[in-house]
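Take a look at the structure below.
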Amino acid sequence: MTHLASICLLLLKIHTMKSCAGVSLKTQELYALVFVTRYLDLFSNFVSMYNTIMKIIFLSSTFGIIWYMRGHKLVRQSYDKEQDTFRHYFLVIPCMVLALVIHSKFTLLEVLWTFSIYLEAVAILPQLVLLQRTRNIDNLTGNYIFCLGAYRALYLLNWIYRYFMEKNYHAQWITWMAGMIQTAIYADFFYYYFKSWKKNERLKLPA
Amino acid sequence: VAKEAEKDEL
Numbered sequence: 051m052t053h054l055a056s057i058c059l060l061l062l063k064i065h066t067m068k069s070c071a072g073v074s075l076k077t078q079e080l081y082a083l084v085f086v087t088r089y090l091d092l093f094s095n096f097v098s099m100y101n102t103i104m105k106i107i108f109l110s111s112t113f114g115i116i117w118y119m120r121g122h123k124l125v126r127q128s129y130d131k132e133q134d135t136f137r138h139y140f141l142v143i144p145c146m147v148l149a150l151v152i153h154s155k156f157t158l159l160e161v162l163w164t165f166s167i168y169l170e171a172v173a174i175l176p177q178l179v180l181l182q183r184t185r186n187i188d189n190l191t192g193n194y195i196f197c198l199g200a201y202r203a204l205y206l207l208n209w210i211y212r213y214f215m216e217k218n219y220h221a222q223w224i225t226w227m228a229g230m231i232q233t234a235i236y237a238d239f240f241y242y243y244f245k246s247w248k249k250n251e252r253l254k255l256p257a
Numbered sequence: 007v008a009k010e011a012e013k014d015e016l
């Protein structure tokens, strides 16, 4: 739900302000890759209606955001292309290699799924780099990134709960480790987010 | 061998 909230915040910003200033297209494209490689089981592994609908929402909203940033006349002009310089392959290639080395089963779907877990953990990096270069971070963008970080942190709590409370729950070290790293990457952002919130000041990251 | 976790998360 927090993940869904983050997407709503981002779409709200882009749609109402007709601006994507401070939003990293690189992170959005990495997330698109994460969802495509993870949800290849969309039609073969039915978990629940909720699960299926959420998968479709995550996939379509990410592509919608990318379309907005690349294709929409006004939104496109507000994109900080010169600042959003992170290279995709810096993250994609190491994650692919890691997925080929560390996975639970050597099948195409499983390796791609593992790759998506690793890539998700680091997909925020281009966004954090851009954020550091952005002088005026608007509230919606700040809250968007906060929710994006918070959902993985909440997963950590959920994993602990499931581990102790569910009979048929199996340890999933790859997901747990990646989730911990993903949350740790946000630690610095969370610190400044709460600091600015407490002081009632505009969010600003130190250079 | 550790049992594989069911893929029920998003």
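Note that the protein sequences, when read in sequence, are chains A and B. Every number in this note's numbering is 50 more than the matching position in the first sequence, counting from 1. Every number in this note's numbering is 6 more than the matching position in the second sequence, counting from 1. All residues carry an ideal CB built from backbone N, CA and C; glycine is no exception. Everything numeric in this text was worked out from a predicted model, so none of it was measured.
Over the uninterrupted alpha helix (DSSP H) stretch that includes residue i, give me the two end residues.
i, result
"residue 114 (chain A)", "99–121"
"residue 143 (chain A)", "138–151"
"residue 154 (chain A)", "Taken as a continuous stretch (DSSP letters only), residue 154 (chain A) belongs to no alpha helix (DSSP H), as it is neither H nor E."
"residue 58 (chain A)", "52–67"
"residue 199 (chain A)", "189–215"
"residue 16 (chain B)", "Element bounds for residue 16 (chain B): n/a, residue is neither H nor E."
"residue 229 (chain A)", "223–248"
"residue 79 (chain A)", "75–88"
"residue 176 (chain A)", "175–183"
Along chain B, in chain order, which residues have C-beta atoms closer than 8 Å to that of residue i?
i, result
"residue 108 (chain A)", "16"
"residue 125 (chain A)", "Chain B residues near residue 125 (chain A): none, gap ~27 Å exceeds 8 Å."
Just to confirm before moving on: does the CB-CB distance between residue i and residue j stay below 9 Å?
i, j, result
"residue 181 (chain A)", "residue 72 (chain A)", "yes"
"residue 54 (chain A)", "residue 194 (chain A)", "no"
"residue 225 (chain A)", "residue 247 (chain A)", "no"
"residue 239 (chain A)", "residue 175 (chain A)", "no"
"residue 253 (chain A)", "residue 192 (chain A)", "yes"
"residue 244 (chain A)", "residue 56 (chain A)", "no"
"residue 67 (chain A)", "residue 188 (chain A)", "yes"
"residue 201 (chain A)", "residue 104 (chain A)", "no"
"residue 262 (chain A)", "residue 65 (chain A)", "No answer is possible for residue 262 (chain A): it lies beyond the span of chain A, which begins at 51 and ends at 257."
"residue 230 (chain A)", "residue 206 (chain A)", "yes"
"residue 63 (chain A)", "residue 190 (chain A)", "yes"
"residue 16 (chain B)", "residue 250 (chain A)", "no"
"residue 13 (chain B)", "residue 218 (chain A)", "no"
"residue 69 (chain A)", "residue 128 (chain A)", "yes"
"residue 130 (chain A)", "residue 183 (chain A)", "yes"
Can you check which of these residues, the options, is closest to residue i by C-alpha distance?
i, options, result
"residue 150 (chain A)", "A:140, A:224, A:164 and A:206", "A:164"
"residue 134 (chain A)", "A:77, A:243, A:199 and A:250", "A:77"
"residue 141 (chain A)", "A:169, A:125 and A:245", "A:169"
"residue 234 (chain A)", "A:158, A:113, A:171 and A:116", "A:171"
"residue 185 (chain A)", "A:119, A:131, A:255 and A:65", "A:255"
"residue 11 (chain B)", "A:111, A:222, A:229 and A:116", "A:222"
"residue 227 (chain A)", "A:106, A:211, A:152 and A:116", "A:152"
"residue 83 (chain A)", "A:212, A:101 and A:162", "A:162"
"residue 203 (chain A)", "A:212, A:237 and A:120", "A:237"
"residue 125 (chain A)", "A:79, A:102, A:75 and A:215", "A:75"
"residue 112 (chain A)", "A:157, A:93 and A:80", "A:80"
"residue 61 (chain A)", "A:93, A:107, A:97 and A:91", "A:107"
"residue 85 (chain A)", "A:215, A:166 and A:115", "A:166"
Given that residue i touches chain B, what residues does it touch there, using C-beta distances under 9 Å?
i, result
"residue 105 (chain A)", "16"
"residue 86 (chain A)", "Ordered by position in chain B, no residue passes the 9 Å Cβ test against residue 86 (chain A), which lies about 14 Å from the chain."
"residue 238 (chain A)", "By Cβ distance, chain B contributes nothing, its closest Cβ being about 25 Å from residue 238 (chain A), past 9 Å."
"residue 91 (chain A)", "13"
"residue 101 (chain A)", "14, 15 and 16"
Quick one: list the residues of chain B neighbouring residue i, beta-carbon separation under 7 Å, in chain order.
i, result
"residue 97 (chain A)", "14"
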